[in-house]
Amino acid sequence: MRCGIFGIQKPMDDNYTIYYCDLNVTYTTGVHAVRGVSFGVRQQECLALVGESGCGKTTMAHAALGLLPANAHLTGSIIIDDIDVIKASAREMRKLRGLVAGFVVQDPYAASNPLARVEAHVAEAWRAHGMDVPDQAVVQAVAKLGIHDPDTMVRRYPHQWSGGMLQRATIAAASAHNPKLIIADEPTSALDADRADTTIEALKQTGASLLLVSHDLSVVSQHADRIAICYAGEVVELGSGQSILQEHRHPYTAGLLKAIPGLTNKNLPQPIPGHPPNLRFEISGCAFAPRCPHKMDICLERSPRLENGVACHLYSGQQSARKETPQKAEKARPIRVLTQATSAQAKVFAEVRGVSKIYRQGARITHAVRSASLKVRQGEIVGISGPSGCGKSTLLRLLATIEVPDSGEVYLGGELAIRAGSKKVHSQLSRTAFLMPVFQDPIGSLDARWPIWRAIVEPLTAPHRKERLSKEQSRQIAHDLLKQVGLETVNIEARPAELSVGQCQRVAIARVLAARPSIIIADEPTSALDASASASVLHLLAEFIEQERAIVVVSHDRPMLNVLCDRVLEMRDGILNGED
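Counting in my numbering, the sequence shown runs from 2 upward without gaps.
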């Protein structure tokens, strides 16, 4: 029996570690999240699933290990190590997880027990199967992934690790038993470019087949043997990394590439117009047709099949060359026109003077920030770049007066806000939405008990606000802001746990926009977003600056900072280079 157009035979071809055969996933809510997907991952191959938030790529990955919620209904087959996951018993799945197939989660903080040390999390890879933990196994596992001083670091708690470092600890646990397959859900979203490359290469060097879920097409194209572009629960294009970048054929793939910062030019990246379809409703014709600049009548009537690596009516079964269709070019928006970079005489909104931050654990001292100084002026976007663990997030927390410096001072709006040794914030500006943060961990920054509309309008209920809003007014404001960040189809009564990490990040950004602060400080604001959503957020930030405000952005994504910011400072080992 053949499965889809891949010609994969049953029983399983020895060349494949995993294959999906006509997989469909529907939820009792009516969402048809995955629609007739068939593909396989060969031995020692790295295949990446790439697409926008909600395209089904994470659902496909979770389905392979039986990690979908109870309200999910699956049809078709997923075969791993001669086991059909959909029909497998609980005992078979326990054997499969960890020993045959490892899993790397998307959000390492949410997956960690804050009361357990990192070494306990990694050691669970052995203990979960009733095994003793070999001597030095945990230390060696994290050391292989570039963690400095691993003997000390593994004895720390998750909150004492940066997001990028903690992600590498989850990778160490997933690869502990040299599994045949590793499924990695956004393993590089919290990592700088160098460590992202190192991490993927480390995963590949395990010798396991790698099913990699990612929204970062520019990163995975350098490492994946093949890339499957996913849209609305389907695979719409499949090919090598090089062919996807240079010889792509599907209009959706072309849109994703235009949305990557700095890939083709120095202008702001262009988001894909429109929004993905609502998967609660039946889709007639091509799911991408409403957003496609090349659509034809047949696209509205019949869904294309994946043939010769592409599912598009622009191509017949015999063709491999693209049928060009004239397309009106969109005018690019150069970021320099938007930001109007300010002069040295512009008003200083925020300043840190010689701030340092030291963390102590027993006899060990970590200098997170070393005598850093920075001025943020009205009307400018300042970027801070650097590898994971360099101290850039700590500097942002000092600027926001969330942390107290061990030396130095922080000024907001020209007023002293906090100084070394302070037990309280001196300036009231930090409590009046003068400055608002967007945190790296979006799920953790939102109240899990609140519907998202309440989280968004919460800054408008602060004591300094004189106007009081009715529930109807609050819901309308939240709906309008969700539309600005591309989430108008999301239920405003949903809780954070019901949304993806990328969706939660956009909710957090909507919350900040509601407050209309003078300064936004953003810690990795696009790391959890797909290319199109990231491009939309960059446009929102650029428009925010037009209102004579200021932004400080911390990111490991240097190309993004280069197109967005007026100036970019580099930080390494707690030292801010190029500071004022």
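Ideal placement from N, C-alpha and C gives every residue a C-beta, glycine not left out.
Legend entry - Cβ-Cβ separation, residue 143 to residue 154 (assumed contact under 8 Å), whole Å: Rounded, the Cβ-Cβ distance is 7 Å, consistent with contact.
Inset, instruction - Write down the C-beta distance between residue 379 and residue 549 rounded to the nearest angstrom, noting that I regard them as a contact closer than 8 Å. - result: 6 Å between Cβ atoms; contact.
Inset, instruction - Using only alpha-carbon positions, find the residue among 363, 384, 362 and 352 that is nearest to residue 377. - result: 352
Inset, instruction - Classify residue 425 as helix, strand or coil using the three-state DSSP reduction. - result: coil
Inset, instruction - Quick one: residues in its chain with C-beta nearer than 6 Å to the C-beta of residue 386, no 5 flanking neighbours on either side, listed in chain order? - result: Taken in chain order, the residues that qualify are 559, 562, 569 and 571.
Legend entry - Whole-angstrom distance between residue 394 and residue 188, CA atom to CA atom: 19 Å
Inset, instruction - Return yes when the Cβ of residue 461 is within less than 8 Å of the Cβ of residue 485, no when it is not. - result: no
Inset, instruction - Excluding the 5 residues preceding and the 5 following residue 479 in the sequence, name in chain order all residues of the same chain whose CB lies nearer than 6 Å to its CB. - result: 454, 457, 458 and 493
Inset, instruction - List in chain order: all unbroken alpha helix (DSSP H) runs of 4+ residues lying wholly within the stretch 530–563. - result: 532–546
Legend entry - Under the three-state DSSP convention, the category residue 391 falls into: The answer is coil: DSSP assigns residue 391 none of H, G, I, E or B.
Inset, instruction - Assign residue 451 to buried or exposed, taking buried as 16 or more other Cβ atoms, counted over all protein chains shown, within 10 Å of its Cβ. - result: exposed
Legend entry - Alpha-carbon spacing of residue 289 relative to residue 232, whole angstroms: 8 Å
Inset, instruction - Give the C-beta separation of residue 120 and residue 139 to the nearest angstrom, bearing in mind that I take them to be a contact with Cβ-Cβ under 8 Å. - result: 5 Å
Inset, instruction - Within 10 angstroms of the Cβ of residue 149, are there 16 or more other Cβ atoms? Answer buried if so, exposed if not. - result: exposed
Legend entry - Inter-residue Cα distance where the pair is residue 116 and residue 362: Straight-line Cα distance between these residues: approximately 15 Å.
Inset, instruction - Kindly indicate which three-state DSSP category residue 323 falls into: helix, strand or coil? - result: Its pLDDT being 44, under 50, residue 323 is placed unreliably by the model, and the measurement read from it follows with that caveat. In the structure shown, residue 323 falls within a coil segment according to DSSP collapsed to helix, strand and coil.
Legend entry - C-alpha distance - residue 517 paired with residue 285, whole-angstrom precision: 41 Å
Legend entry - Contact under 8 Å by Cβ, residue 185 with residue 167: Cβ atoms of residue 185 and residue 167: not closer than 8 Å.
Inset, instruction - Give a yes or no on contact between the stretch 44–60 and the stretch 197–214, applying the rule of three or more CB pairs nearer than 8 Å. - result: yes
Legend entry - Whole-angstrom distance between residue 242 and residue 220, CA atom to CA atom: 10 Å
Inset, instruction - Use the C-beta contact count for residue 247: other C-beta atoms within 10 angstroms, 16 or more gives buried, fewer gives exposed. - result: Residue 247 sits exposed, since fewer than 16 C-beta atoms from the chains shown fall within 10 Å of its C-beta.
Inset, instruction - Provide the residue(s) that pair with residue 41 in DSSP beta bridges, ordered along the chain. - result: Note: residue 41 sits in a beta bridge opposite 20.
Inset, instruction - Please list the segments of the alpha helix (DSSP H) lying wholly inside the stretch 53–126, counting only runs of 4 or more residues, in order along the chain. - result: 58–64 and 91–96
Legend entry - Beta-carbon gap between residue 414 and residue 277 smaller than 8 Å: Not closer than 8 Å, so no.
Legend entry - 7 Å CB neighbourhood of residue 124 in its chain, flanking five on each side removed: Excluding sequence neighbours, residue 124 sits near 134 and 139.
Legend entry - Beta-carbon proximity check, residue 438 vs residue 495, cutoff 8 Å: no
Inset, instruction - Please report the residue range of the beta strand (DSSP E) in which residue 186 lies. - result: For residue 186, the enclosing beta strand (DSSP E) has its first and last residue at 182–186.
Inset, instruction - Tell whether a beta-carbon distance below 8 Å holds between residue 370 and residue 165. - result: no
Legend entry - Cut-off 6 Å between Cβ atoms - residues of its own chain near residue 525, not counting five sequence neighbours on either side: Taking residue 525 as the centre and dropping the five residues before and after it, the same chain places the C-beta of 441 and 556 closer than 6 Å to its C-beta, in chain order.
Inset, instruction - Pick out whichever of 291, 347 and 262 has its Cα sitting closest to the Cα of residue 275. - result: Ranking 291, 347 and 262 by Cα distance to residue 275 puts 291 first.
Inset, instruction - Going by DSSP, name the residue or residues bridged to residue 158. - result: Partner(s): none; residue 158 has no beta bridge.
Legend entry - residue 294 classed as buried or exposed, judged by whether at least 16 other C-beta atoms fall within 10 angstroms: exposed
Legend entry - Integer Cβ distance of residue 491 from residue 108, believed to fall under 8 Å: About 18 Å; that fails the 8 Å criterion.
Inset, instruction - Keeping to the same chain, check which residues put their C-beta closer than 7 Å to that of residue 146; ignore five residues upstream and five downstream. - result: Contacts found: 169, 172, 173, 200 and 203.
Legend entry - Classification of residue 416 by the beta-carbon crowding that lies within 10 angstroms, buried from 16 upward: exposed
Legend entry - Rounded separation between residue 508 and residue 42 - CA only: Taking the straight line from one Cα to the other gives about 35 Å.
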